[in-house]
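Single-structure report; data block below.
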Amino acid sequence: MNNVPANPPALAPSGPKRSEGWSRRRWLALIALVFAAHIAFIFALGGKKEIVPRAVTNVPTLKLANDSDALLALDDPALFALPHERDFASAAWLKMPDVKQPSFRWTEPPQWLPLIAENLGATFQQFMQTNSFENYPLDFKPPPKLSELILPVEPAFAQTSTLQSAGGLAQQRLLNEINLPSLPYNDVIAPSVVQALVDASGNVVSAVLLPPESSFEAANRADIGDTNALQIARALRFAPAKNPTVGQIIFNWRTIPMTTTNDNSNAH
């Protein structure tokens, strides 16, 4: 017969035993330790400054006006009737006068010596008696020296025709002597102005007759004067210069009256 029991006991599982976790007591001890450490850090590292209240700014304030305000002073009925520290006379009665203290260092006033009238000029009179001076006539107003006024008497009209250089030719000397003729004309001839171009050698290269400046000169212009002016201007010779020169040659003509003869050869 088999002696093995019908229900054998169960076998325990093999392997390590599983832990059930921390107990509640251990968790409470850990939380208390962390809280105590946190409090300790706060006291150890925290600042110990006193709390200073912040100043309050831009706050409306209430101020009571006193009698010194100018607007309130105008309400005083005795402002102009009684003395006031702000009126025009306060500068006199509010300010004490500056009184100078007397000085105890007294000195006697100066005593001037008397002036003797008999001695006035005695020294000068003695000097004049001991020193003799030569007599010198004092001529404070000498007679004026009159000089004879000499006025050059020039003829009313020129006796000959004249030539005048102007512009750049005014400083250049004329080499050849020119005797200008007197033109036969029964009236006055306006001056003939010729613009000339002179080369470095002094020869006239170009001569151009300039037009009259006014209507009066144009009315008194004559061909006989302009023609002679161009001919004479081309024949002029000036002193040599470094550069060509441009200037004006002015001819002032003298006129003589023309002789008119009656042609009676065809008269019957």
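So the sequence shown is numbered by the working numbering: it starts at 1423 and just counts up by one. Yeah, the Cβ is synthetic: ideal placement off N, Cα and C, and Gly gets one too.
Here the alpha carbon of V1615 sits roughly 14 Å from the alpha carbon of L1658.
By DSSP's assignment, N1625 forms a beta bridge with R1659.
Going by DSSP, A1612 is part of no beta strand (DSSP E) at all; its letter is neither H nor E.
Excluding the 5 residues flanking it on each side, D1621 has same chain C-beta neighbours closer than 8 Å at V1627 and P1666, in chain order. Separation of R1446 and R1476 (C-alpha to C-alpha, rounded to the nearest whole angstrom) is 49 Å. With respect to A1655, Q1594 sits apart: the two C-beta atoms are not nearer than 9 Å. For F1673, the enclosing beta strand (DSSP E) stretches over residues T1667 to N1674. If you draw a straight line from the Cα of L1504 to the Cα of V1481, it comes to about 41 Å. Every candidate beta strand (DSSP E) stretch fails here, since none sits fully inside the stretch 1519-1556 while reaching 3 residues. Sequence-distant Cβ neighbours of S1623 in its own chain, meaning closer than 8 Å and more than five residues away, are P1662. Sequence-distant partners of Q1533 (beyond 5 residues in either direction) whose C-beta falls short of 6 Å from its own C-beta are missing from its chain.
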